[in-house]
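Have a look at the structure below before the remarks.
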Amino acid sequence: MSATEHPRRVAVVPAYNEQATVATVLDQLYPLVDRLVVVDDGSTDETRQRIEQWLPGHPEARLLVFDENRGMSAAYHAAFTDLRAALARDELGADDLVFTVDADGQHELAVFERLESLMVSGILDALLVRRDLSTYPRYKRLGNWTLSAWASLWAGHRLLDVESGYRVFRLGALTDALDYYRGYRYSETVEVAVVMCRLHYKVRNDELVAVPIFRSRTTLMDAAIDFMAIPLAAARVWTRRGRSQPAR
Ligand SMILES: Nc1nc2c(ncn2[C@@H]2O[C@H](COP(=O)(O)OP(=O)(O)OP(=O)(O)O)[C@@H](O)[C@H]2O)c(=O)[nH]1
Ligand SMILES: [Mg+2]
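One point on numbering: in the working numbering, the residue at position 98 of the sequence shown is 1053, and numbering is uninterrupted.
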C-alpha cells in the first residue's frame, strides 16, 4: 500500500443463532467494507438460511460454516486463518484493517469512520473498542472491570474493556498474533488483547462507544475460562518469543 492509499476494510462477523438480526447487520455492514467474512457457527435456528438468502448480490462477502457449534473463538480463528491465506496470496495487505462485528446488532456501526481514522492517525495495530456498559447490570460491569484489570496486569498495558468483541486490527499484526492463541468459547477477545500487548504491538482500549442494545449470553463459566486464559496467553508469548525480544 502506498502512503496515499487507504487501507482496505475487511469485516469479520461470527454468528450463532442470530436469525433475528444477522441479515440486517450484514446489510448495514456491507457498504462500509471491501470484503466481508461471516461465520455460521453451527446455528440451530435459521441463521444459516438467512445468510445464504442474503449472499447473492454481495460478491465481496464469503460464508464459512461449521456443521456443529464450536464457539465464538473457533469462528474467529477460522475467519482469521482465511484472511491470513488471502494475505499470503497478496489479495490483502498487512496494513489492511480487520473489523470484528457481532451479528446481534450490539455494535454501533456509525462510528466506523472514526475507528478507521483513529487506527490510521495513531498508527495503531489494534483498537479494542471500549463499550459504554452503563446500561449493563452491575454484576456484568464488575465482572468486566475485574477481568480487564487482571488482563492489564498480564498484558503490561492498561486495558479497559478486554471482553469487547468490537475491534479493529491491522491484518499483519493480527496474523502474527494468531500464532500465539486459538481461544476457547469466548476467550479469543482476552487472549488476542494480551498477546498483542506482549508482542509490543500498539494497542488502544479507551475509545468509548455506546452499545445500542443489551443482550447477554455469556456465563460465569465463560468468565472463569477467560480468567485462566489470560496468564496462559501471556506465558505463551514469553516462552515462544522470549521476555525481552520485541516483535517489531
Ligand atoms: N453465544 C455464542 N455466540 C457465538 C458463538 N459462536 C459465535 N457467536 C457469535 O459471537 C458474537 C458474540 O457473542 P455474544 O453472545 O453476543 O457475546 P458478547 O456480546 O461478546 O458478550 P455478552 O455481552 O456478555 O453476551 C455474536 O455475533 C454471536 O452470534 C457461540 O458458540 N455462542
Ligand atoms: Mg453480543
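Ideal Cβ placement from N, Cα and C applies to all residues, glycine included. Treat the numbers as computed from the prediction; the structure is a model and nothing was measured.
With a cutoff of 7 angstroms on beta-carbon distance, VAL1056 and VAL968 are scored as near each other. Inclusion of PRO962 and ASP1080 in the CB contact set at 7 angstroms is not warranted, their separation being larger than that value. Residue pairing of LEU1018 in beta bridges, as defined by DSSP: VAL993. For GLN983, the distance from the CB to the nearest heavy atom of ligand 2 is not below 6 angstroms. The nearest non-hydrogen atom of ligand 1 is 6 angstroms or more from the C-beta of ASN1160.
Secondary structure within the region 999–1068: the beta strand (DSSP E) runs of 3 or more consecutive residues, fully enclosed, are 1016–1021 and 1052–1055 (chain order). VAL1066 is a Cβ neighbour of VAL1164, given a cutoff of 7 angstroms.
A residue is called buried when at least 16 other Cβ atoms come within 10 angstroms of its Cβ; GLY1120 meets this threshold and is buried. Going by beta carbons, ASN1160 and ARG1085 fall inside the 7 angstroms limit.
About 25 angstroms separates the beta carbons of ILE1185 and ALA1058, which is beyond the 8 angstroms limit, so they are not a contact pair.
Around the CB of THR1144, 16 or more other CB atoms lie within 10 Å, so the residue is classed as buried. Rounded to whole angstroms, the gap between the alpha carbons of GLY1111 and GLY1127 is 22 angstroms.
The C-beta separation of ILE1180 from ARG1137 comes to about 13 angstroms, leaving the pair out of contact by the 8 angstroms criterion. Remark: the C-beta of GLN1004 is outside contact range of ligand 2, defined as less than 6 angstroms to any heavy atom. Using a 10 angstroms sphere on the CB of PHE1124, the tally of other CB atoms reaches 16 or more, which defines it as buried.
In the three-state reduction of the DSSP assignment, ALA975 falls in the coil class.
In the displayed model, VAL1123 falls within a strand according to three-state DSSP. Going by C-alpha positions, ARG1039 is about 11 angstroms away from VAL1053. Put simply, the region 966–986 touches the region 1001–1017. At least three CB pairs are less than 8 angstroms apart. Going by beta carbons, VAL1075 and TYR1135 fall outside the 7 angstroms limit.
In the three-state scheme derived from DSSP, where H, G and I count as helix and E and B as strand, PRO1186 is classed as helix. Using a cutoff of 6 angstroms, the CB of SER1171 counts as near ligand 1, since one of the ligand's heavy atoms is closer than that. Within the same chain, Cβ atoms closer than 7 angstroms to the Cβ of LEU1115 are found at ARG1085, SER1103, ASN1160 and ASP1161, the five residues on either side in sequence being excluded. Within the same chain, Cβ atoms closer than 8 angstroms to the Cβ of ALA1148 are found at ALA1081, LEU1083, ALA1106, ALA1110, LEU1114, VAL1117, VAL1158 and ASN1160, the five residues on either side in sequence being excluded. Rounded to the nearest angstrom, the gap between the Cα atoms of THR1173 and SER1142 is 11 angstroms. Collapsing the DSSP output to three states places LEU1115 in coil.
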